[in-house]
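Q:
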Amino acid sequence: MKFDLDYVRTLLRVDDDWDDERICLLIDSVGKYVETTTGIPEGKQDDIPLVKVLKGYLVRIWYDGPDKEEYMQRAVDNLIKTLTVIGREV
Numbered sequence: 001m002k003f004d005l006d007y008v009r010t011l012l013r014v015d016d017d018w019d020d021e022r023i024c025l026l027i028d029s030v031g032k033y034v035e036t037t038t039g040i041p042e043g044k045q046d047d048i049p050l051v052k053v054l055k056g057y058l059v060r061i062w063y064d065g066p067d068k069e070e071y072m073q074r075a076v077d078n079l080i081k082t083l084t085v086i087g088r089e090v
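Per my numbering, the very first residue in the sequence shown carries number 1; after that it's consecutive.
1) Tell me the residue span of the alpha helix (DSSP H) that contains arginine 60.
2) What do you get for arginine 88, buried or exposed, if any count of 16 or more other CB atoms within 10 angstroms of its CB means buried?
3) Alpha helix (DSSP H) containing aspartate 46: first to last residue?
4) Check for me: the alpha helix (DSSP H) holding lysine 32 runs from which residue to which?
5) Enumerate in chain order the residues of its own chain whose CB-to-CB distance from threonine 37 is below 6 Å, with the five nearest sequence positions on each side excluded.
6) State the DSSP-derived secondary structure class of lysine 81, mapped to helix, strand or coil.
7) Is the Cβ-Cβ distance between tyrosine 63 and alanine 75 less than 7 Å?
8) Could you spell out the range, first to last residue, of the alpha helix (DSSP H) harbouring valine 8?
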């Protein structure tokens, strides 16, 4: 499954299109962020399931704000460390 608007809407539990512009900006930004932090090029990110997990956490943190950040930050940090190692091999 591709990391697209429909998938992210489901992830965020957003049922309608009232916030699509903001969600699309997050989707566009998260791939670049993952590339910068892990070294995995955007074009190869769809091939690595852990990248999708990381993107999901990041988009939820960015969308929901600081209330979600604290409990998810540890998972995000560990995923970035793991994917950085994978990024060196890609």
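Every residue, glycine too, gets a C-beta built ideally from N, C-alpha and C.
A: Working from what's here:
1) 49 to 64
2) Burial call: exposed.
3) Unbroken run through aspartate 46: none, as it is neither H nor E.
4) 20 to 38
5) Taking C-beta separations shorter than 6 Å and ignoring five residues to either side along the sequence, the partners of threonine 37 in its chain run Ile80, following chain order.
6) Under the three-state reduction of DSSP, lysine 81 is assigned to helix.
7) Contact: no.
8) The continuous alpha helix (DSSP H) containing valine 8 extends over residues 5 to 12.
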